[in-house]
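Counting from 2, one number per residue, gives the positions in the sequence shown under the working numbering.
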Amino acid sequence: MPSTTAITVSQLSRLIGLPGAPVIIDVRVDDDFEADPRLLPASCRRDFKTVSTWAAGFAGKPVAVVCQKGQKLSQGVAAWLRHEGISAESLEGGFEAWRDAGGLLVRTEKMPPRNEKG
């Protein structure tokens with residue numbers, strides 16, 4: 002039975018770019034990110050250790066949290082966000098499942114720098 006707190010690669014890929022798409026937060030540890038410094042489309046990186054300082058910025062928005070394998074980090078961050086009243090799911094299988102399914106990935110050096118508006 003599918004988890005009610007996870008979103009599959011297929012489900013998330015159909016939502017990206019739509020008005021109601023979740024904000025995608027990449028919480029991979031630095032070593033994992035440095036090994037493959039690409040991001041899911043429209044995602045932003047955040048440090049899982051400081052979730053208490055940035056969680057409120059996502060209030061009122063659905064969120065999909067991505068870690069390397071879709072286990073401890075993303076599930077923990079998603080649980081924290083839900084505790085804060087934010088609708089949050091973890092990506093089932095994480096970054097590895099997205100990559101292995103052939104999901105679009107964006108090279109960070111091709112992205113413009115973020116500013117105060119995102």
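Even glycine gets a Cβ: it sits at the ideal position worked out from N, Cα and C.
*Given ALA43 as reference, the closest of ASP37, THR51, LEU74 and PRO20 once Cα atoms are compared*: Comparing Cα positions, the closest option is PRO20.
*Using alpha carbons as the reference points, say which of GLY94, LEU105 and GLN76 lies closest to GLY18.*
Residue LEU105 is the option with its Cα nearest to GLY18.
*According to the neighbour-count rule (16 or more other Cβ atoms, all chains shown, within 10 Å of its Cβ), is ALA56 buried or exposed?*
The residue in question, ALA56, is buried, as its Cβ has 16 or more Cβ neighbours within 10 Å.
*asked:* Looking only at its chain, what residues have a beta carbon closer than 7 Å to the beta carbon of VAL52, apart from the 5 residues adjacent to it on each side?
replied: Correct list, in chain order: VAL78 and TRP81.
*For LYS70 versus GLU97, is the C-beta distance shorter than 8 Å?*
Using a Cβ distance threshold of 8 Å, LYS70 and GLU97 count as a contacting pair.
*Can you tell me whether DSSP reads GLU110 as helix, strand or coil?*
In this structure, DSSP gives GLU110 a helical state, which the three-state scheme calls helix.
_Given this structure, state the Cα-to-Cα distance separating THR5 from LYS111, to the nearest angstrom._
Between THR5 and LYS111, the C-alpha separation is close to 34 Å.
*Using the C-alpha atoms, what's the distance from PHE59 back to LEU40?*
Each residue's alpha carbon lies about 19 Å from the other.
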